[in-house]
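S.K.: Just dropping this structure here.
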Amino acid sequence: MSTVRDWIGSAHHIAVLTGAGMSAESGVPTFRDAQTGLWAQFKPEDLATEDAFRAHPRRVWDWYQFRRDMIAQVAPNAGHRALAAFQQRHPGLLTLITQNVDGLHQRAGSTDAIALHGNLADDRWLDMPRDCCDPEFVEAGHPPHCPTCGNLRRPAVVWFGEMLPLPALDAAQKAANGCNLMLVVGTSGVVYPAAGLAHTAHRRGARVVVINPEATELDVVADLCLHEPAAQCLPTLLED
Ligand code: APR
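Structure, rendered in structure tokens:
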């Protein structure tokens with residue numbers, strides 16, 4: 582722990598990559614854990630792909646609505662808050678990159694968090710918007726849609742098989758290339774291109790620290806692994 586604190590103290594740029602484990606102590610279930618009860622019968626491909634949405638728009642929309650309602654009831658944890666407070670005390674020193682769509686970093690005050698997989702709170706048009714498509718004037722429904730042409734609103738998150746938003750990916754890659762310390766928090770490191778950011782940082786000579794109670798796929802590029810939960814570890818690591 583004290584070694585990592587020294588690395589943080591002397592870093593000229595820090596990148597932090599977070600995953601579902603970051604929000605575990607807020608009570609947000611991981612993607613798979615969210616498929617409980619009514620939703621347990623579905624596979625991720627039944628709920629988080631464009632094909633699934635086109636085939637069963639109501640089912641997919643309602644699942645996202647269920648997750649949105651769940652997230653509205655939780656709050657950022659001490660780990661989210663420690664990262665946001667560090668960014669406020671050291672403007673420009675830390676780039677926060679998250680795979681999470683729960684918006685908890687943003688609610689904790691990390692307004693410039695790079696949301697690689699989008700944000701659960703946002704919607705967008707399913708098909709290329711036409712002149713009639715105005716997000717201000719949608720017809721309510723499951724999902725809401727354009728009253729004129731029927732174009733559907735969909736959650737603005739990255740589904741399986743979809744490209745990451747390019748500006749977010751570019752910014753994340755720039756941070757991975759330019760940092761000399763990367764903290765990898767609460768991610769299993771199995772989903773690419775996000776996990777590739779840790780490989781990039783390592784290849785470019787940055788120190789990589791994995792913070793996760795369990796072993797991960799990214800331990801191979803780590804200079805140090807802290808086997809602790811994020812909300813306990815980050816406040817101690819990041820206090821001045
Ligand atoms: N603190 C830190 N890490 C934790 C904690 C905690 N309190 N609790 C669990 N973890 C770790 C687990 O050990 C695991 O390694 O969080 C990790 C969660 O892994 P995943 O569920 O695979 O989540 P993630 O890596 O974010 O998945 C990436 O896959 O499902 C898609 O698009 C979705 O963004 C997601 C992506």
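All residue numbers for the sequence shown refer to the numbering used here, where the first residue is 582 and numbers rise by one. C-beta atoms are modelled at their ideal positions from N, C-alpha and C, and glycine is treated no differently. In this text, all values refer to a predicted model and were calculated from it rather than measured experimentally.
Along the beta strand (DSSP E) that carries Asn700, what are the first and last residues, could you check?
M.R.: Gly699 to Trp706
S.K.: Excluding five sequence neighbours on each side, which residues of the same chain lie with their C-beta closer than 6 Å to the C-beta of Val609?
M.R.: Within the same chain, Cβ atoms closer than 6 Å to the Cβ of Val609 are found at Val655 and Asp683, the five residues on either side in sequence being excluded.
S.K.: Per DSSP, what kind of secondary structure is Glu809 in: helix, strand or coil?
M.R.: coil
S.K.: Taking Cβ positions, are Met603 and Val771 nearer each other than 8 Å?
M.R.: no
S.K.: Closest to Phe775 by CA distance: which of Gly786, Ala757, Asn658 and Leu762 is it?
M.R.: Here residue 775 is Ala; the residue named in the question, Phe, does not match the sequence. Looking at the Cα atoms, Ala757 is the closest of the given residues.
S.K.: With distance defined between alpha-carbon atoms, name the residue in Pro748, Trp706 and Leu685 nearest to Arg649.
M.R.: Leu685
S.K.: Does the distance from the C-beta atom of Pro794 to that of His808 stay below 8 Å?
M.R.: yes
S.K.: Mark Leu747 as exposed unless 16 or more other C-beta atoms lie within 10 angstroms of its C-beta, in which case mark it buried.
M.R.: exposed
S.K.: Between Gln680 and the ligand APR, is there a pair consisting of the residue's CB and a ligand heavy atom that are separated by less than 7 Å?
M.R.: Distances taken from the Cβ of Gln680 to the heavy atoms of the ligand APR include one shorter than 7 Å.
S.K.: Under 8 Å by Cβ, that's how I've got Trp588 and Arg788 pegged, so tell me the actual separation to the nearest angstrom.
M.R.: Yes, they are in contact, since the Cβ atoms of Trp588 and Arg788 sit about 6 Å apart, within 8 Å.
S.K.: Per the DSSP calculation, Met763 is bridged to which residue(s)?
M.R.: Ala596 and Val789
S.K.: Quick check on the DSSP output: what are the complete alpha helix (DSSP H) runs of length 4 or more inside the segment 711 to 762, in order along the chain?
M.R.: 747 to 759
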